[in-house]
Amino acid sequence: VVLTVLITTGASLALTLMLPTWWDISWQIALALGGVMAMSSTAIVIKLMAERLELESEHGKRVMGILLFQDLAVVPLLVLIPALAADPDKLLPALALALVKAVVLLGVLLTGGQKVMRWWLNLVARQKSDELFMLNLLLITLGLAWITEHAGLSLALGAFVAGMLISETEYKHQVETDIRPFHDVLLGLFFITIGMMLDWRLVLDRWPLVLLLLSLSVVFKLALITGLTRLFGASAGVSLRVGLYLAQGGEFGLVLLTLAGQNNLVPPQLFNPILASMVISMLATPFMVLYTNDIVGRVVGSDWLMQSVQMTSIARKAINADKHVIICGYGRCGQNLARLLDAEGIPYMALDLDPDRVRQAAAAGHSVVFGDAARLQALMAAGLHRASAVVVTYLDTPSALKVLHHAQEQAAHVPVVVRTVDDVDLEKLRGAGATEVVPEAIEASLMLASHALALVGVPMRRVIRVVQEQRDARYNLLRGYFHGADDDSVDELDHERLHTVTLPTAGRSVGKTLGHLALEAMGVRLVSLRRASGKASAFNDDTVMEGGDTLVLGGKAQSLSLAEDKLLSG
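First residue of the sequence shown? That's 554 in the working numbering, and the numbers climb one at a time after it.
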């Protein structure tokens, strides 16, 4: 990842130095342009990968890693480019001064700024005003941009630091939700301003140069990224996919180019052709991504051959299968399911990505083949249209979502059962088309409860009814739990949990109805209500709160915190 940016910058530097001498290209200009050309489009690529459900694929993870480092590499480039515009005789002192300023300022902001940011956002959040919260986000961003500009750095660096500081607070998810409506608008506005900077008459007059720059930058980045990815152990197919996804210019590249232009680092006769070539490469990205599989299949023979062999093997096994169950994943859960199906005389076809497991199971007579169930071709070869059901047995929500997406598009009549760890992704999977979602943690609780109820004398018919009622109600009674000190890991901050709030006698919520409190609007549900007498009470929107009431709330940590503040402070 590091080499991708460094080599691209270095090669772009060399390429720029080879341009005609009458443009008077210095090494400072070439270095700035090298950094510009090294960037790829995070916004476009991530959106395309999300739409194609490729974020969790092997090439998707590598693309994300490179994009992340490119975004981080912007910070030193934002510091470096203004310093490069200094008088050549004073360049070294200017670079040293810029470096010291950046280290001191960023050090102060990133260390002391986190505490101040958290304290300030807590203070603003207590005011319970969405408008005030949004205005403060704008104030923080513009304020830090103003500070960095007056420190001799750039506005963009300040905005970047503001985002980093906000991401370290517990309000980052709320901020993401609040600014999402503005994201596409602001991104569109950004590209509008870029378009307004283009002198199209100059571009049309110099279209051979634009095409040359476009071809050289795209082909070079494609070859470099593909080669480096291959060097670090990826297959030829994955490497080429990564290269195709990252060959274009990027938004930060446009920001850096604009900054270089403002500092008179880029000659006017070169600014517009470079800008045009970058914009065109970004416009071409969706088409490159759309035909990625075709390009990889034609260029990388081994990738095409391997996929063809896999599909042929799957199709040969499934050619006579009808009304069968497709098992996605053949680990312990998948194998147990296969045994039960086999005992009932129900045919099945299992897909798994572990070659050793597939080889041993196939040798034992199991109907299993090597294949990625998240790929449409594999599901179709396994007889998706003829299947009676599809069961996803592995714990991989992104892959399960791909299976659901393909099943909904190609065979919506086929029921799909999905396994998941707990209830966190339950609604997401149901919304994607899952007929049934089996959360392991909750099902284990139901099994333990059914055994315990039977042991203490509850009739089995009633036990079965209780368990089925919980399943029919989508586990509402069992969703969320009281978290302890050992449960509050970073990964579980977004999980639903239970939290108790006891209202003081003189609390501001006392005397108000549940409907007036509007807990659901904050993403919180009332699970149970216990009066001061210790007795549980039924409740509805007209239930009036009393002093000493204990409310058991369910929701995410941040929502619960806001709800508790509202209940106690009003």
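Cβ coordinates follow ideal geometry from the N, Cα and C atoms, glycine included.
Asked                                                                                                                                                                          : Found
Using DSSP with H/G/I as helix, E/B as strand and the rest coil, what is P951?                                                                                                 : helix
Where DSSP assigns a beta bridge to A1005, which residues make up the other side?                                                                                              : Answer is none; A1005 lacks a bridge partner.
Could you tell me the boundaries of the beta strand (DSSP E) in which P992 lies?                                                                                               : 989–992
Helix, strand or coil, according to DSSP, for D1041 in the structure here?                                                                                                     : Because D1041 sits at a pLDDT of 47, beneath the cut-off of 50, its placement in the model cannot be relied upon, and the following sentence gives the value as read from the coordinates. Of the three classes helix, strand and coil, the one that applies to D1041 here is coil, per DSSP.
What whole-angstrom Cβ distance do R1050 and A1110 have, given they're in contact under 8 Å?                                                                                   : 7 Å
Buried or exposed: P992, going by 16 or more other Cβ atoms within 10 Å of its Cβ?                                                                                             : buried
Is the beta carbon of A636 closer than 7 Å to that of L620?                                                                                                                    : no
Just to check, is the beta-carbon of E897 closer than 6 Å to a non-hydrogen atom of the ligand SAH?                                                                            : Summarising the ligand content, the structure contains no ligands, and the ligand SAH is consequently not present.
Could you pull the start and end residues of the beta strand (DSSP E) that F923 belongs to?                                                                                    : 921–923
Could I get the ranges of all uninterrupted alpha helix (DSSP H) runs contained in the stretch 607–667, with 4 residues as the minimum, in chain order?                        : 611–637
Buried or exposed: which applies to I719, given that a residue is buried once 16 or more other Cβ atoms fall within 10 Å of its Cβ?                                            : buried
Only counting the same chain, and skipping five residues up and downstream in sequence, which positions put a Cβ closer than 7 Å to that of A829?                              : L751, V756, V763
Relative to the C-alpha of L601, which candidate in M617, G665, N817 has its C-alpha closest?                                                                                  : M617
In its own chain, which residues sit with a C-beta less than 8 Å from the C-beta of A960, not counting the 5 before and 5 after it?                                            : L932, L937, V943, V967, V969, G986
Tell me where the alpha helix (DSSP H) around M933 begins and ends.                                                                                                            : 929–934
Under 7 Å, do L793 and V849 count as touching if we go by C-beta distance?                                                                                                     : yes
If I measure Cβ to Cβ from I582 and keep anything under 6 Å in the same chain, skipping five residues before and after, which residues do I get?                               : L818
What three-state label does DSSP hand L843 in the structure shown?                                                                                                             : helix
Tell me whether I560 sits in a helix, a strand or coil according to DSSP, three-state version.                                                                                 : helix
Whole angstroms are fine: how far does the CA of E1073 sit from the CA of V657?                                                                                                : 45 Å
In the DSSP assignment, what are the bridge partners of G1108?                                                                                                                 : R1050
Are the beta-carbon atoms of V1054 and M1098 separated by less than 7 Å?                                                                                                       : no
Just to confirm before moving on: does the CB-CB distance between M902 and A874 stay below 7 Å?                                                                                : yes
Evaluate F824 with the Cβ neighbour count: other Cβ atoms within 10 Å of its Cβ, from every protein chain shown; 16 or more gives buried, anything less gives exposed.         : buried
To the nearest angstrom, report how far apart K654 and T701 are at their CA atoms.                                                                                             : 9 Å
Between the stretch 973–982 and the stretch 906–923, do three or more beta carbon pairs fall short of 8 Å?                                                                     : no
If contact is defined by three or more beta carbon pairs under 8 Å, each pair taking one atom from either stretch, is the stretch 796–803 in contact with the stretch 771–785? : yes
Identify every residue that forms a DSSP beta bridge with R972.                                                                                                                : V991
DSSP three-state label for A1116, please.                                                                                                                                      : helix
Using a 10 Å radius around the Cβ and a threshold of 16 neighbouring Cβ atoms, would you call Y844 buried or exposed?                                                          : exposed
Return the chain-ordered list of same chain residues with a C-beta closer than 8 Å to the C-beta of V1105, the five sequence neighbours on each side being excluded.           : L1051, H1052, T1053, L1079, V1080, S1081, L1082, R1083
Let me know the secondary structure DSSP gives I700 once reduced to three states.                                                                                              : helix
Please report the distance separating the alpha-carbon of L929 from that of D1025.                                                                                             : 31 Å
Going by C-alpha distance, which of G1101, H736, V1009, L777 is nearest G1060?                                                                                                 : G1101
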